[in-house]
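Below is one structure; the comments refer to it alone.
There are 2 protein chains.
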Amino acid sequence: MKNTITKTFALSSIGLVFCLNLFGQSIENKNLTQLVDPFIGVDGSGNVLLGATLPFGMVKLSPDCDFDTNSGYVSGKDISGFSHTHVSGTGGGPKYGNILIMATTGDVDIINHASPKTSEIASPGYYGVTLSKYNVQAEHTTTMHTGFHQYTFPASDKSNIIIDAGSFLGHNAVPGEAQSLVGSEVNIFSNNEIEGYSRIRGGWNGGDAYTVYFYAKFETPASAFGTWKGSKISMGNKSEYDSGEKTGAYFTFKTKNKEAIRLKVGISYISCLKAKANLEKENPGWDFNKVKLAANEVWNKSLNSIIVEGGSPDQNKTFYTALYHSMLMPTDITGENPKWKSSEPCYDDYYAIWDTFRSSHPLLSLILESKQVDMVRSLIDIFEHEGYMPDARSGNDNGRTQGGSDCDMLIADAYVKGLKGIDYEKAYQAMIKNAEVAPGGDERKEGRGGISDYNKLGYVSIDFERSGNRTVEYANNDWAIAQVAKGLGETEDYKKYKKRASNWQNLWRPCYSHGAKGFIWPRNADATWADSAYIFSWTENKSLKGKFTEFTGGTWPDVFYESHSWEYSFYVPQDVKTLIEKCGGKAAFISRLDTFFTNNYYNVGNEPGFLTPVLYNYVGRPDKTAFQVNRIRHASYNATRRGLPGNDDSGAMSSFFVFHSLGFFPNAGQDIYLISTPLFSKSILAMENGKQITITAKNLSDKNIFIQSATLNGKPFNKSWFRHSDIKDGASFEFIMGNQPSAWSTTSTLPPSMSDFE
Amino acid sequence: MKNTITKTFALSSIGLVFCLNLFGQSIENKNLTQLVDPFIGVDGSGNVLLGATLPFGMVKLSPDCDFDTNSGYVSGKDISGFSHTHVSGTGGGPKYGNILIMATTGDVDIINHASPKTSEIASPGYYGVTLSKYNVQAEHTTTMHTGFHQYTFPASDKSNIIIDAGSFLGHNAVPGEAQSLVGSEVNIFSNNEIEGYSRIRGGWNGGDAYTVYFYAKFETPASAFGTWKGSKISMGNKSEYDSGEKTGAYFTFKTKNKEAIRLKVGISYISCLKAKANLEKENPGWDFNKVKLAANEVWNKSLNSIIVEGGSPDQNKTFYTALYHSMLMPTDITGENPKWKSSEPCYDDYYAIWDTFRSSHPLLSLILESKQVDMVRSLIDIFEHEGYMPDARSGNDNGRTQGGSDCDMLIADAYVKGLKGIDYEKAYQAMIKNAEVAPGGDERKEGRGGISDYNKLGYVSIDFERSGNRTVEYANNDWAIAQVAKGLGETEDYKKYKKRASNWQNLWRPCYSHGAKGFIWPRNADATWADSAYIFSWTENKSLKGKFTEFTGGTWPDVFYESHSWEYSFYVPQDVKTLIEKCGGKAAFISRLDTFFTNNYYNVGNEPGFLTPVLYNYVGRPDKTAFQVNRIRHASYNATRRGLPGNDDSGAMSSFFVFHSLGFFPNAGQDIYLISTPLFSKSILAMENGKQITITAKNLSDKNIFIQSATLNGKPFNKSWFRHSDIKDGASFEFIMGNQPSAWSTTSTLPPSMSDFE
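Right, dumping it as structure tokens:
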């Protein structure tokens, strides 16, 4: 049975609400957390968080096994401890990994205390492991701002809890992406209370210093304690002030066999006292299982947003884990903003919106609309106080931008879908700022680098880095602005930005590759085509001038970020219709897509291609969409530790899978969804307004992946796309599936493109 | 007798070293602090700090009488308390005013506790006042990071010390320049110990949040205490965590008549524990007079850098107070940088370099060279960590830029004067960044706004704000770069930036005003002259498009920052020779200068004109320089509370006076000093290398202001200028003065200009 109306409640009063709806009545949720396997995607390049957290939780308490990985966790290495702050699924230089706790026995060793791990168990809101070196069972659960630790020791006079205030991830990342210590501090109050902080700067986004404050309390008084600074341990000492060094503290207990030592750690970005207040408010008792169950319940309510039926155990597990992964980021730090005072919600760890605007945020708009509204409001609040909305942000500092100003996409997506509670006038100012005011020296931090070229020449010239993907992304961003402009009655702006949204054509070079005509190509400021460009050399570890081809990949200083022209030349989400014309018409476009997929030029692990599989719908071939989506789902996702096709990117890969399991995918920033092929015979999405979207797939099987016919709310439905307005008040799709492509939707109205608008 | 070698020592180990030279021998300093009157310039628009501090001291403990003034102090208003952080002489929106302490009697009133003030006494490192409402004598002294408070109460059971962690200056400044509270906290440990912090953002530079931590200890245990948050007082309560509100605490004592309650407050930008460590290290005892004397001694050592003889009491007082004011800013926060860890010195409150590069920093290069080296190193360290050197910086955040990238001037000034210990290669990178990478949306924060125009068109077009002064300032900055480029062997760069240093000519319009030919004029991007421009309207409080004239003043969005074309058209410090030609030759230039001064177009209270009085030397008329300088010294400086001609601007006005009292003035960024006219019959500058510069003015009187003849080191000296290399190893000037202009230096070699270089 589905809960429909208690969801927002549950998420906003974590740890306290148990299965109560608005009227105080008990509502039964399906036990979906049992279908989540947090180990999926922890290895390979998935980089997902393994440890305990709540949806968008600020505390992400997770084992650190390798200080140069993004999540801290890898299967094959020993555990050095459990730190309270992490991100999930990210690439580039790691971030966080602060306030690390470790349990050991014997003499205190502040450096070499890592232990092999056995008997790992993880579920939403819980992680347990045996630290076999010490025969200690470690267990964790969390509330939004606190971590709850339970360590079951063997009999020992020297059972230690080590609290490392100087630990962090990413010491050795590539230049400009490493974290570094600014300072740290510990201050022991008594034999069961300590506070302190870790101040760190850098990481992937090159962020300013952020400070993670903690206050920790033990259930049992320690028999001894001490502190350290640098490598100097001071037995019995109580405090180490910040002189720019690593500091820490230890507490030693005399334990009987199987004696559990529990400690709770409040975390804050404001102060130690605030961390203590968070602890006292959210986590006042010592019943570990109660807090664990509460965390499980919160996750269950969130996961009950979507009920699927008819899947295999592995499919169910893959799906609910993907849904779970879609709710780990960004981080809700409302009430914990150390930079300004505001009544607006505060979210951090947009990492990056370039990754998540395409599927993660549209998913939230469907099933957790109020969260999406809060996130958009937080972006506008950042603009208000810091001048630009972020494309990425972490540790409360903007950075990096990979391509477009993709916060614009979130604003437009919310606007066209009618999300309430957002100041769209102010949001519009923030979009205009992106489009008009060059970020100059901060162009890797925020705004649109090369916008001076773009606004003057109609494209970003090769004088600026990432000129290729920036141009095509800015064009899509501009259509986002145009749509909001139109809605707000800014007619002149609408015309201006609609015109700019065609700027991708200025980089369209009518050349050929593998039978495909026309490619996005770097161009000099004098309008001549560039045949050489900066190209990243992995052997030299820098970009060197070289011959540019349609397969030339790139990174920060190059033409295309994380991809090549074959991929980016499909990236015209705002005007697929014109793109098709430029490619030589429908048949040529189909052939081009076929070539793209057949030759494996497509990479599902990279977000610029997220929309490409459903582009077949724009030429009346949803069967080919179904074929590719089904292939990708099978080939790239599974229920193993390497079950994700790339960095999960804050849940982007996972939400891509969620959508395509439901059988459709959004064209983000537009009110359009493209139908692919359902994975489950029945799916029910519960929206916050109490309405449901039901998708039924009759005759579905591994081979019956092609839609033969469809109805929407009982009436024949022949389009391979629908609008948000078609579903926002509830909808019931029924698809009849078969094992062969059918005539369904091949001749019906095609999805609209920008060029269809006045 | 002069100390020569202990100066750097004394400044870097404040509070501990008393009159010991390198060999541990006692050295006698003149008692010069008695000649300093901190009340000079506190009223009018001087805005100087009144309260206790050390040279470049982090703690500036001073009375706050008006929360909308820059220094906190005004003569005519009651004292609300004494806060620990201030700047000196600034304009625009106030900054700091944090951690305010007040002494009262009776019931605790956390809002209306201001008291009239009587019996004020101030001297370097000390401030005392009677709070007449309560009959409490308040006294303060400081170390670098701590404030020492002594309050002598009447007999009362309710003698209170109020500690306001939510107080700050500048609530109502102009939009974008006000400070605002982010949060605050207090935490009482016992009846004589408390810690807490204030977190504030904004202020003149629009800075990010900064946090001022404190730890305070009373000598006497209190009989009662309590806290407050917002307006709610909680008697007996110990702590108020940060929930974004104002918090504070009070301690109540039962005092006998004349009983002194002492408290010491450690301040830190790192943490409360660091504040405590600062207190324990610098200020361990309870002997108020001892700390007061130590502060006085530190000041004495610094002031003994220059000994003057032959002045009137008022001249001596004006001079030594000006010298004192030249050592208040920037703020040495070495060891207190919360943003990154570095072995480099750390200075904050460059407020702004635009103000101070012309005289304050050149003065330090002469008398406190090691401090100047440290400051330059701190600027380079900021570049390393944040991407740009600041033009202004406060609260550890860059901003604002008023015109040029004037940190370039400091680098060049240090380079041409041969200052050691600076990584000039790295500094050069920072200069090039300024010159080449547009700050975009951050153009009021750092870098060179409009640099894209400047580098392409050869001038900043009117499309950018402050296009007039930016163009002329960038040109001077470019000559600074060129000089360093030449020294570093970057020959191509030297040529490039030397060429750019002539860019001011691109805004030189050959029009006439009051007989003067040629004015810097706003220009459109298409090269046509602009006859209308944005002009600040004080009635409308914004800039409106209007007719541009050579007297059109301006502010941020206008053509000339804080001045008009008559003033800025003299601003070509790098190439006065060419400027003279452009103006029509020597006679025309003399006539133009005469017109400028006679008609009072000149404003000594504004830094762009700092060099103008000595420009007569460039046409062989040092007598006219002497006349104007003497006139300005008399008309604009005196020993009263309104004795400064404008905002002291971190000591800029004061250091202008110091130089012209010595009888010369630097052309900052070049190794050139221009001779004006000495105020004292003898001046001795002690440099850190142990050498001295002696200036003797024989026959000097109020009327005998004209140099008749001169010798340098006993040899005839006929130039009206000299190089740094002429004096850096010691020098002895002797001037014979008379009451009429003489032929001295009228036909000798003129000061060199850029156009004299290959």
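Top line first, the protein sequences correspond to chains A and B. Here the first sequence is numbered in the working numbering, starting from 1 and rising by one per residue. Here the second sequence is numbered in the working numbering, starting from 1001 and rising by one per residue. Beta carbons are placed, not taken as given, at the ideal position from N, Cα and C, and that holds for glycine. These figures come from a predicted structure and were not determined experimentally.
Problem set entry | Sub-8 Å separation of residue 64 of chain A and residue 82 of chain A beta-carbons | Taking C-beta atoms as the reference points, residue 64 of chain A and residue 82 of chain A count as a pair closer than 8 Å.
Exercise. Would the beta-carbon of residue 1680 of chain B be found less than 7 Å away from any heavy atom of the ligand PLP?
Worked result: The ligand PLP is absent from the structure shown, which contains no ligands of any kind.
Exercise. How many whole angstroms separate the CB atoms of residue 1119 of chain B and residue 1134 of chain B, which I take to be in contact at a CB cut-off of 8 Å?
Worked result: Not quite, the Cβ-Cβ distance comes to about 13 Å (not below 8 Å), so this is no contact.
Problem set entry | Terminal residues of the beta strand (DSSP E) in which residue 1738 of chain B lies | According to the DSSP assignment, residue 1738 of chain B belongs to the beta strand (DSSP E) that extends over 1731-1738.
Problem set entry | Minimum Cβ-Cβ distance from residue 1391 of chain B to chain A less than 8 Å | By this cut-off, residue 1391 of chain B is not an interface position.
Exercise. Does the distance from the C-beta atom of residue 1084 of chain B to that of residue 1098 of chain B stay below 8 Å?
Worked result: Yes, the pair counts as a contact, with Cβ atoms nearer than the cut-off.
For this session: Assign residue 551 of chain A to buried or exposed, taking buried as 16 or more other Cβ atoms, counted over all protein chains shown, within 10 Å of its Cβ.
Result: Looking at its Cβ environment, which holds fewer than 16 other Cβ atoms inside 10 Å, residue 551 of chain A is exposed.
Exercise. By DSSP, does residue 166 of chain A sit in helix, in strand, or in coil?
Worked result: Reduced to three states, the DSSP call for residue 166 of chain A is coil.
Exercise. Of all the options A:686, A:597, A:645, which has the alpha carbon lying nearest to the alpha carbon of residue 624 of chain A?
Worked result: Distance check between residue 624 of chain A and each of A:686, A:597, A:645 places A:597 closest, using alpha-carbon atoms only.
Exercise. So, do the stretch 1484-1494 of chain B and the stretch 1465-1475 of chain B have three or more beta carbon pairs nearer to each other than 8 Å?
Worked result: Contact fails: fewer than three Cβ-Cβ distances are below 8 Å.
Problem set entry | Inter-stretch contact (C-beta, 8 Å, three-pair minimum) for the stretch 1691-1698 of chain B and the stretch 1729-1739 of chain B | The stretch 1691-1698 of chain B makes contact with the stretch 1729-1739 of chain B, as at least three CB pairs between them are under 8 Å.
Exercise. So, do the stretch 1228-1248 of chain B and the stretch 1176-1194 of chain B have three or more beta carbon pairs nearer to each other than 8 Å?
Worked result: In short, these stretches touch, since the Cβ pair count reaches three.
Problem set entry | Residue burial classification, residue 511 of chain A (beta-carbon count within 10 angstroms, cutoff 16) | Counting every other CB atom within 10 Å of its CB across the protein chains shown gives residue 511 of chain A a total below 16, marking it as exposed.
Problem set entry | Min CB distance residue 457 of chain A to chain B below 8 Å | Not one chain B Cβ lies under 8 Å of residue 457 of chain A.
For this session: Please say whether residue 555 of chain A and residue 630 of chain A have beta carbons closer to each other than 8 Å?
Result: Pairing residue 630 of chain A with residue 555 of chain A gives a Cβ-Cβ distance that is not under 8 Å.
Exercise. Can you tell me the Cα-Cα spacing of residue 749 of chain A and residue 709 of chain A, whole angstroms?
Worked result: Rounded to the nearest whole angstrom, the CA to CA distance from residue 749 of chain A to residue 709 of chain A is 15 Å.
Exercise. Does the beta carbon of residue 955 of chain B sit closer than 8 Å to a beta carbon anywhere in chain A?
Worked result: The requested residue 955 of chain B does not occur in the structure, where chain B is confined to residues 1001 to 1758.
For this session: Kindly provide the ranges of any alpha helix (DSSP H) runs that are 4 or more residues long and lie completely inside the stretch 486-528 of chain A, ordered along the chain.
Result: List check, alpha helix (DSSP H) in window: 491-500.
Problem set entry | Pairwise C-alpha distance: residue 90 of chain A and residue 291 of chain A | Going by the C-alpha atoms only, they are around 28 Å apart.
Exercise. Shortest alpha-carbon distance to residue 1312 of chain B belongs to which of B:1410, B:1458, B:1320?
Worked result: That would be B:1320, whose Cα lies nearest to the Cα of residue 1312 of chain B.
For this session: Can you tell me the Cβ-Cβ gap for residue 46 of chain A and residue 60 of chain A, rounded? I've got them flagged as a contact below 8 Å.
Result: Not quite, the Cβ-Cβ distance comes to about 15 Å (not below 8 Å), so this is no contact.
Problem set entry | Contacting residues, own chain, Cβ-Cβ under 6 Å from residue 1127 of chain B (five flanking each side not counted) | Once the five neighbours on either side are set aside, the close Cβ partners of residue 1127 of chain B are 1051, 1052, 1140.
Problem set entry | Rounded Cβ spacing between residue 279 of chain A and residue 1242 of chain B (contact assumed at less than 8 Å) | Not really, about 15 Å apart at Cβ, beyond 8 Å.
Exercise. Span of the alpha helix (DSSP H) holding residue 305 of chain A?
Worked result: Counting along the chain, residue 305 of chain A falls outside any alpha helix (DSSP H), and DSSP gives it neither H nor E.
Problem set entry | Nearest-angstrom Cα separation, counted from residue 1198 of chain B out to residue 1167 of chain B | Cα-Cα distance, rounded: 8 Å.
Exercise. Who pairs with residue 138 of chain A in a beta bridge, going by DSSP?
Worked result: According to DSSP, which records beta bridges pairwise, residue 138 of chain A is partnered with A:129, A:151.
For this session: Report yes or no: is there a C-beta of chain A within less than 8 Å of the C-beta of residue 1447 of chain B?
Result: Yes, its Cβ sits closer than 8 Å to a Cβ of chain A.
Exercise. In chain A, which residues lie with their C-beta within 9 Å of the C-beta of residue 1204 of chain B?
Worked result: Result: empty, since nearest Cβ-Cβ is about 17 Å, beyond 9 Å.
Exercise. Can you give the Cα-Cα distance for residue 136 of chain A and residue 58 of chain A, rounded to whole angstroms?
Worked result: Roughly 27 Å separates the two Cα atoms.
Exercise. Between the stretch 1362-1377 of chain B and the stretch 188-204 of chain A, do three or more beta carbon pairs fall short of 8 Å?
Worked result: Touching, no, given that fewer than three Cβ pairs across the two stretches are closer than 8 Å.
Exercise. Between residue 412 of chain A and residue 658 of chain A, which are expected to be in contact by the criterion C-beta below 8 Å, what is the C-beta distance as a whole number of angstroms?
Worked result: Residue 412 of chain A to residue 658 of chain A, Cβ: 21 Å. No contact.
Problem set entry | Per-residue DSSP class, three states only, for residue 1235 of chain B | Strand at residue 1235 of chain B.
Exercise. Shorter than 8 Å from the beta carbon of residue 1438 of chain B to some beta carbon of chain A?
Worked result: Closer than 8 Å: yes.
Problem set entry | In DSSP terms, what residue 1544 of chain B is bridged to | DSSP, once it has assigned bridges, lists B:1535 as partnering residue 1544 of chain B.
Problem set entry | Entirely enclosed alpha helix (DSSP H) segments - the stretch 546-603 of chain A, minimum 4 residues | DSSP runs (the alpha helix (DSSP H)) wholly in the stretch 546-603 of chain A: 565-568, 576-582, 586-598.
Exercise. What residue range is occupied by the uninterrupted beta strand (DSSP E) comprising residue 71 of chain A?
Worked result: Neither: residue 71 of chain A is in no beta strand (DSSP E) and is coded neither H nor E.
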